[in-house]
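The next block holds one structure in the form of structure tokens; read it before the comments.
There are 2 protein chains.
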Amino acid sequence: MSNHVLALAGGVGGAKLALGLSRILPPDQLTIVVNTGDDDVFHGLHVSPDLDTVMYTLAGLSNREQGWGLEGETFSAMDRLEVLGGETWFRLGDSDLATHLRRTQLLRQGFTLAQATSELCARLGVAVRITPMTNAPVRTQVETEDGVLPFQEYFVHRRCEPRVRSIRFKGAGTAEPAPSFSDALDRATIIVFCPSNPFVSIDPILAIPGVRRRIENAGAARIAVTPIIGGRAVKGPVGKMLTELGHDSSSTAVATHYRGLCDIFALDEADAAAAPEIEALGMRAVVAATLMLDDASKIALARRVLDVARPDAVNAR
Amino acid sequence: MSNHVLALAGGVGGAKLALGLSRILPPDQLTIVVNTGDDDVFHGLHVSPDLDTVMYTLAGLSNREQGWGLEGETFSAMDRLEVLGGETWFRLGDSDLATHLRRTQLLRQGFTLAQATSELCARLGVAVRITPMTNAPVRTQVETEDGVLPFQEYFVHRRCEPRVRSIRFKGAGTAEPAPSFSDALDRATIIVFCPSNPFVSIDPILAIPGVRRRIENAGAARIAVTPIIGGRAVKGPVGKMLTELGHDSSSTAVATHYRGLCDIFALDEADAAAAPEIEALGMRAVVAATLMLDDASKIALARRVLDVARPDAVNAR
Numbered sequence: 000m001s002n003h004v005l006a007l008a009g010g011v012g013g014a015k016l017a018l019g020l021s022r023i024l025p026p027d028q029l030t031i032v033v034n035t036g037d038d039d040v041f042h043g044l045h046v047s048p049d050l051d052t053v054m055y056t057l058a059g060l061s062n063r064e065q066g067w068g069l070e071g072e073t074f075s076a077m078d079r080l081e082v083l084g085g086e087t088w089f090r091l092g093d094s095d096l097a098t099h100l101r102r103t104q105l106l107r108q109g110f111t112l113a114q115a116t117s118e119l120c121a122r123l124g125v126a127v128r129i130t131p132m133t134n135a136p137v138r139t140q141v142e143t144e145d146g147v148l149p150f151q152e153y154f155v156h157r158r159c160e161p162r163v164r165s166i167r168f169k170g171a172g173t174a175e176p177a178p179s180f181s182d183a184l185d186r187a188t189i190i191v192f193c194p195s196n197p198f199v200s201i202d203p204i205l206a207i208p209g210v211r212r213r214i215e216n217a218g219a220a221r222i223a224v225t226p227i228i229g230g231r232a233v234k235g236p237v238g239k240m241l242t243e244l245g246h247d248s249s250s251t252a253v254a255t256h257y258r259g260l261c262d263i264f265a266l267d268e269a270d271a272a273a274a275p276e277i278e279a280l281g282m283r284a285v286v287a288a289t290l291m292l293d294d295a296s297k298i299a300l301a302r303r304v305l306d307v308a309r310p311d312a313v314n315a316r
Numbered sequence: 000m001s002n003h004v005l006a007l008a009g010g011v012g013g014a015k016l017a018l019g020l021s022r023i024l025p026p027d028q029l030t031i032v033v034n035t036g037d038d039d040v041f042h043g044l045h046v047s048p049d050l051d052t053v054m055y056t057l058a059g060l061s062n063r064e065q066g067w068g069l070e071g072e073t074f075s076a077m078d079r080l081e082v083l084g085g086e087t088w089f090r091l092g093d094s095d096l097a098t099h100l101r102r103t104q105l106l107r108q109g110f111t112l113a114q115a116t117s118e119l120c121a122r123l124g125v126a127v128r129i130t131p132m133t134n135a136p137v138r139t140q141v142e143t144e145d146g147v148l149p150f151q152e153y154f155v156h157r158r159c160e161p162r163v164r165s166i167r168f169k170g171a172g173t174a175e176p177a178p179s180f181s182d183a184l185d186r187a188t189i190i191v192f193c194p195s196n197p198f199v200s201i202d203p204i205l206a207i208p209g210v211r212r213r214i215e216n217a218g219a220a221r222i223a224v225t226p227i228i229g230g231r232a233v234k235g236p237v238g239k240m241l242t243e244l245g246h247d248s249s250s251t252a253v254a255t256h257y258r259g260l261c262d263i264f265a266l267d268e269a270d271a272a273a274a275p276e277i278e279a280l281g282m283r284a285v286v287a288a289t290l291m292l293d294d295a296s297k298i299a300l301a302r303r304v305l306d307v308a309r310p311d312a313v314n315a316r
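Listed in order, the protein sequences are those of chains W and A.
In terms of numbering that gives the first Met the number 0, the first sequence is residues 0 to 316.
In terms of numbering that gives the first Met the number 0, the second sequence is residues 0 to 316.
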């Protein structure tokens, strides 16, 4: 049986593991499905932050320091836009603007978001299939103590400061998985939950009708990698969200969130002591070096994930 | 009677004289009406090249070498867009993009083009009123030996190479002058035809219903400044267009084009010998230093134009 790995990813953390996977798997054995609940329209341009983070990372173009955006980026357009009275809290770099200009143009020409993503990836030399979770507009909204905020308003403009009460995915109820996502769900022998935020990166993907059930019933080996190390998020608001939503900020809480969806949970070496808690959830706990600071550690973690999920398949490569 | 100067302008040449006028007149005594037949949509953004040239020039932001665009501009977005397979023959600079993003957003919000222009000018500290000729979409189309080309396709993409047969202004027939233009037509004591291309900068303005008649019947002193020196255009395709349309490439041909619209024609010192030909057209010929290489020569020409048009008004200042 031919191996196919489906990775579910959000932004920075997901992109790192996706990069590792892309370095050890042939392009036709990997599909990366990306959250689009973070998408929004700025200045009339369709911006897909997570798709771009994954795409730029796999193209070797991303800013290594911050994990998103382009290396060597400039911000002349935003600086000028500020003078002109435009809204600039979502700072789009000059080169990055080209992606949004081109994507918006392709969408206006009738491309689906998945087709536009394929076109952009092809131009950037990314051979692995990166697909949005859906071609339909789904918008993550964060219900906070200050009211319901569109995701980027919460995440960028308000710096995740307002306390979160709940999260919803507007439009998800009538969305369908993108065809390339659906196809990968059928073919996957391994499903990887990347170390992304479970609430705002993975849950939007699971909110697409049919996706949760198909993963629950999948014959694939299903493995999640913790986005929490030593009780703290490697990046982003997942720790804060966990506590605001009534959980501990821990790997165990994330594993609990994935119960029924995953067979294996990879927790960090720093959290090895929590392995029994995770096993008690009915998952196999695997201790791994999950902090990905350089390409070598991304590749090592990807290899470990594949190794653990399907030793036979990995050995057959 | 209070003095009011209405200047009709296209891009670079018009902007130069407009700058000179703006330096010697109080802001409430000058209206600059600008051709918008060159406007087009690139990547979903409304681009108004002549408005921007005049605006940037009066804001002191324009690239002095080329006369259009912004000083110190970068082109990261276009460079990246080229990689991404977008059309980039109309190269929009990174800072310049902010103008088009903001204008497009304002238009979507319901601003007229004149209102959007006022807002942008206010943000850039330009006190003089700069107004588009109309708020309606008018598009200059050039009928060439290679077929009918949208203006920017002819001007930028094809570098004015195809022979011109005729020029039309799509949408002009149902357009109305922008309110601030119409108001200035009522109030003008001096009307200045800037040294812009008569066929593709001034004619579109004259093509707005009622404008030509109102200028023909105006009580204002009407003076045109030649865009031709020594038989050649200072900038742009006016010389080539004159010959392709069956005229001489000369100041006299331009003056002939303005017959009935102008009382005074300012020709360059290099063409002083043509003064009798121009007088024979029923205009007063004035010989001036029309080449504007620096701000001092722009101001000097502006002063000369006002002086010649209305010596009484100028002396009263």
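A virtual CB, placed ideally from N, CA and C, is assigned to each residue, including glycine.
Hey, is A97(A)'s beta-carbon within less than 8 Å of any beta-carbon in chain W?
yes
Using a Cβ-Cβ distance under 8 Å, would V82(A) count as near chain W?
yes
Using only the alpha-carbon positions, how far apart do G218(A) and T188(A) sit?
7 Å
Over the uninterrupted alpha helix (DSSP H) stretch that includes I31(W), give me the two end residues.
No alpha helix (DSSP H) holds I31(W); the beta strand (DSSP E) holding it covers L29 to V33.
Whole angstroms is fine: what's the gap from A174(W)'s alpha carbon to N134(W)'s?
8 Å
Quick one: what does DSSP say R63(W) is sitting in, helix, strand or coil?
coil
Neighbouring residues, chain A, relative to S75(W) (Cβ below 7 Å):
T73, D93 and S94
C-alpha distance - I253(A) paired with P236(A), whole-angstrom precision
The residue you asked about is not Ile; residue 253(A) is Val in the sequence shown. Between V253(A) and P236(A), the C-alpha separation is close to 13 Å.
Between G85(A) and chain W, is the shortest Cβ-Cβ distance under 8 Å, so that the two count as touching?
yes
Could you list the residues in the stretch 97-128 of chain A with a C-beta less than 8 Å from some C-beta on chain W, going in chain order?
A97, T98, L100, R101, T103, Q104, R107, E118, L119, R122 and L123
Could you please tell me which residues of the stretch 27-45 of chain W, in chain order, have their CB closer than 7 Å to any CB of chain A?
H42 and G43
Taking only beta-carbon positions, decide if R79(A) is within less than 8 Å of chain W.
yes
Sequence-distant residues of its chain with Cβ nearer than 7 Å to R302(W) (five each side left out):
I23
Limits of the unbroken beta strand (DSSP E) element including H99(W)
Per DSSP, H99(W) belongs to no beta strand (DSSP E); it is in the alpha helix (DSSP H), D93 to R107.
Rounded distance between the beta-carbons of R102(W) and L91(W), thought under 8 Å
Going by Cβ atoms, the distance from L91(W) to R102(W) rounds to 12 Å, so no, they are not a contact pair.
Element boundaries [alpha helix (DSSP H), containing L20(A)]
V11 to I23
Check S1(W) in the structure and name its three-state DSSP category.
coil
Quick check on D270(W): does DSSP put it in helix, strand or coil?
helix
Quick check: what's the CA-CA separation for T289(W) versus D267(W)?
5 Å
If you follow the beta strand (DSSP E) that F192(A) is in, where does it begin and where does it stop?
I189 to F192
For A232(W), which residues of its own chain have a beta-carbon under 7 Å away from its beta-carbon, when the five flanking residues on both sides are left out?
P226 and G238
What's the C-alpha gap between E144(W) and R167(W)?
15 Å
When burial is assigned at 16 or more other CB atoms within 10 Å of the CB, is H156(A) buried or exposed?
exposed
In the DSSP assignment, find the unbroken beta strand (DSSP E) run with T139(W) in it and report its ends.
R138 to T143
Measure the Cβ-Cβ separation of L16(A) and C261(A) and say whether it is below 8 Å.
no
So, helix, strand or coil for V224(W), using DSSP?
strand
Rounded to a whole number of angstroms, what is the C-alpha to C-alpha distance between M240(A) and T111(W)?
44 Å
Measuring alpha carbon to alpha carbon, tell me which of S94(A), S249(A) and P178(A) ends up nearest T30(A).
P178(A)
Buried or exposed: A126(W), going by 16 or more other Cβ atoms within 10 Å of its Cβ?
exposed
Three-state secondary structure assigned by DSSP to P161(A):
coil
By the 10 Å Cβ neighbour count, where 16 or more other Cβ atoms means buried, how is V304(W) classified, buried or exposed?
buried
With distances taken Cα to Cα, identify the nearest neighbour of N196(A) among L7(A), R186(A) and N2(A).
L7(A)
Assuming G43(A) and G43(W) make a contact with CB atoms under 8 Å, what is their CB distance in whole Å?
6 Å
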